[in-house]
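Visitor: Pasting a structure here, questions to come.
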Amino acid sequence: MGVQIPPRAREAGFRTSRQWGDKLRQRGDLHKRSVTTWSSRTVLVCRSSWTQVRGGAVAEASEVLAAFGARVAELRRARGMSQADLASASGVDRVSISRVERGL
Numbered sequence: 001m002g003v004q005i006p007p008r009a010r011e012a013g014f015r016t017s018r019q020w021g022d023k024l025r026q027r028g029d030l031h032k033r034s035v036t037t038w039s040s041r042t043v044l045v046c047r048s049s050w051t052q053v054r055g056g057a058v059a060e061a062s063e064v065l066a067a068f069g070a071r072v073a074e075l076r077r078a079r080g081m082s083q084a085d086l087a088s089a090s091g092v093d094r095v096s097i098s099r100v101e102r103g104l
C-alpha cells in the first residue's frame, strides 16, 4: 500500500500526499516536511532543524519529537513490551523504534 493522505485532505480534493504537502507549505503550516509510510499510515516526519508553524506558534521539532518519543517509550513499557515486540507489532525494525523513542 502506498502513502495515504488523511481523510480530511482527501475530502478537500487532494489526490496525493505531494499536493497536500504543497498546500500546507503555501499556507505556512509546514515550512519543510517529509511524508513516509509506517504501518500503512501517513506520518509527517520533522527533522530536528525544522520548525512547524501552527496558529502562529513555532514549535521546535526536536522538542516535539522528544516528547513523542518519551510517550511511545512510556506506553510501550506500560504494556510490558520490548522494543523488538513493538517493532514486530508495528511492522518496522527495532532500530526505528529506538530512534523514535530517542526523538531522532
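Each residue of the sequence shown is one higher than the one before, counting from 1 in full-length UniProt numbering.
Think of the CB as a built atom: it goes at the ideal place given N, C-alpha and C, for glycine as much as any other residue.
Predicted model only: the values in this text are computed from it and were never measured.
I need the DSSP call for residue 106, collapsed to helix, strand or coil.
Guide: Since the first residue of the chain shown is 1 and the last is 104, residue 106 is not available in this structure.
Visitor: SER98 to SER88, Cα distance in whole Å?
Guide: Whole-angstrom Cα-Cα distance: 13 Å.
Visitor: Taking 7 Å as the threshold (C-beta atoms), are VAL64 and VAL100 in contact?
Guide: Not closer than 7 Å, so no.
Visitor: Could you give the distance in angstroms between the alpha-carbon of PHE68 and the alpha-carbon of GLY103?
Guide: Cα to Cα, the separation comes out at about 7 Å.
Visitor: What's the call for LEU86, buried or exposed, on a 16-neighbour Cβ count within 10 Å?
Guide: Buried.
Visitor: Leaving out five residues before and five after ASP93 in sequence, what residues of the same chain have Cβ atoms less than 7 Å from its Cβ?
Guide: So the list reads ALA87, once near-sequence residues are dropped.
Visitor: When the Cα atoms are used, what is the spatial distance from ARG77 to VAL95?
Guide: Their backbone Cα atoms lie some 17 Å apart in a straight line.
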